[in-house]
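Numbering follows the working numbering, with no gaps: position 175 of the sequence shown is 175.
Working notes, beginning with the structure itself.
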Amino acid sequence: MGTSEPDGRRPTMKDVATLANVSLSTVSRFVNGEPGRPELVARIQQAIDLLGYQRDLTASTLRRADRASASIGVVVADVGNPFFAAVLRGIEEVARERGSLTIAASSDEDPGRERELAAALVARRIDGLIVVPAGGDSDHLRTGRVPLSFVDRPPAYLDADTVLSDNAGGAAAATRHLLDRGHTRIGFLGDHERIYTCAERLRGYRSALGDLPEFVRLGLDQGVVASAVADLLALPEPPTALIASQNLLTVGAIRALRRLGRQHEVAFIGFDDVPLADALDPSVTVVSQQPVQLGRRAAELLFSRIDGYAGPSRSVVVETVLVARGSSEIATSESRQR
């Protein structure tokens with residue numbers, strides 16, 4: 001039921017237009033599934049949520065057939081990132097099997113941008129939406145207008161179908177792999193701890209090794225990871241091994257080690273497989289997240305909702321796989337001197 005106005009009546013499109021500070025015709029186009037400017041779409045959606053406005057389905061059906069669009073929307077952090085490109089591939093495989101088009105966009109890790117994109121996609125009358133949350137509150141997605149599923153990260157303050165990697169388990173396995181080879185000073189290179197995947201991987205690293213804050217560097221991106229590697233290796237007792245928490249940091253760290261001429265001296269494991277990892281010297285050990293499988297499972301959950309499943313939310317965890325190659329077999333300097 002919609003929230004009533006102070007005079008007891010149901011909210012109208014005119015009320016939505018007034019609150020959103022847009023024309024009545026703009027609201028009408030949004031309600032009837034026509035695309036619009038993202039910033040206007042976001043304002044209209046916010047007004048609808050605040051007022052509890054519900055369109056008159058009977059009147060709408062009289063005007064036009066209220067049929068499915070045979071399309072789903074996907075919002076990821078960056079469609080250009082190879083990891084998210086592989087997730088999208090998995091989603092598209094399932095969507096294609098179902099005869100649906102996939103419309104994808106990048107949030108650039110900006111919660112405001114995520115909100116705008118989600119509202120714009122919903123306005124296009126997509127049948128369902130898959131989101132990689134950018135952080136912050138996901139409550140704006142609690143509209144009930146389209147089925148939802150989340151992938152790679154769980155939504156905040158929203159109970160919904162979610163598909164995750166075993167991030168903590170994968171990082172712990174990588175750390176134990178290095179510990180088993182004699183490394184006790186192991187550095188951790190992470191992006192932003194506010195991002196669920198980074199926080200979970202840091203938790204896994206610490207669960208296997210303990211808390212060694214002098215060897216942890218956070219808030220990194222591909223542009224600054226090289227300086228973090230150089231900083232760690234310049235310590236009086238530097239780490240003998242490094243773990244990078246995501247694929248772009250993996251690439252940046254590999255380049256930094258090669259630039260410093262240390263690629264055969266410092267053991268290394270990256271999170272996410274990267275192109276040509278097995279062709280480098282040394283070949284790069286990685287924790288693979290099986291991103292195509294992540295995408296497929298998220299799409300399967302979404303289409304089950306589209307088909308009418310109305311049960312409790314489901315959480316799926318996809319196991320990570322440690323792909324051992326040469327970079328993690330590098331011995332400590334102490335071992336080499338024996």
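Glycine included, each C-beta is placed from N, C-alpha and C at the ideal position.
- Message: Does the segment 142-160 come into contact with the segment 170-180, if we say contact requires no fewer than three beta-carbon pairs (one atom in each stretch) closer than 8 Å?
- Response: no
- Message: The beta strand (DSSP E) that contains G128, what's its start and end?
- Response: The residue labelled residue 128 in the question sits at position 128 within the sequence shown. Counting along the chain, the beta strand (DSSP E) containing G128 begins and ends at G128 to V131.
- Item | Contact belief for F188 with V216 at Cβ below 8 Å, rounded distance in angstroms | The residue labelled residue 188 in the question sits at position 188 within the sequence shown. The residue labelled residue 216 in the question sits at position 216 within the sequence shown. Yes, F188 and V216 are in contact; Cβ-Cβ is about 5 Å, under 8 Å.
- Which residue's Cα is closest to the Cα of L220: Y205, A241, V16 and N247? Reading the sequence shown from its first residue, position 220 is the one you call residue 220. Minimum Cα distance to L220 is reached at N247.
- Exposed or buried, which one is P11 when buried takes at least 16 other CB atoms within 10 Å? Counted from its first residue, the sequence shown places residue 11 at position 11. Under this definition P11 is a buried residue.
- Message: Closer than 8 Å is the cut-off here; do at least three beta carbon pairs connect the segment 155-171 with the segment 199-213?
- Response: yes
- Query: Should P275 be labelled buried (16 or more other beta-carbon atoms within 10 Å of its own) or exposed?
  - Reply: One-based indexing of the sequence shown puts residue 275 at position 275. Looking at its Cβ environment, which holds fewer than 16 other Cβ atoms inside 10 Å, P275 is exposed.
- Query: Under the three-state reduction of DSSP, which class applies to S71: helix, strand or coil?
  - Reply: Your numbering for residue 71 matches position 71 in the sequence shown. It is a strand residue.
- Minimum length 4: unbroken alpha helix (DSSP H) runs contained in the segment 155-219: 167-179 and 196-209
- Cβ contact check for the segment 72-90 and the segment 289-306: 3 or more pairs under 8 Å: yes
- Query: For the segment 256-305, which segments carrying the beta strand (DSSP E) assignment without a break, of at least 3 residues, lie completely within its bounds, in sequence order?
  - Reply: 267-271 and 285-288
- Among residues of its own chain, excluding the 5 on either side of G128, which ones have a beta-carbon nearer than 6 Å to its beta-carbon? Reading the sequence shown from its first residue, position 128 is the one you call residue 128. If we look at G128 and ignore the five residues flanking it on each side, its Cβ neighbours are I72, V146, P147, L302 and I306.
- Query: Where does S23 fall in DSSP's three states?
  - Reply: Numbered from its first residue, the sequence shown carries residue 23 at position 23. Reduced to three states, the DSSP call for S23 is coil.
- Item | R201, buried or exposed, once every other Cβ within 10 Å from all chains shown has been counted against 16 | Translated into the one-based positions of the sequence shown, residue 201 becomes position 201. By the 10 Å Cβ count, R201 comes out buried.
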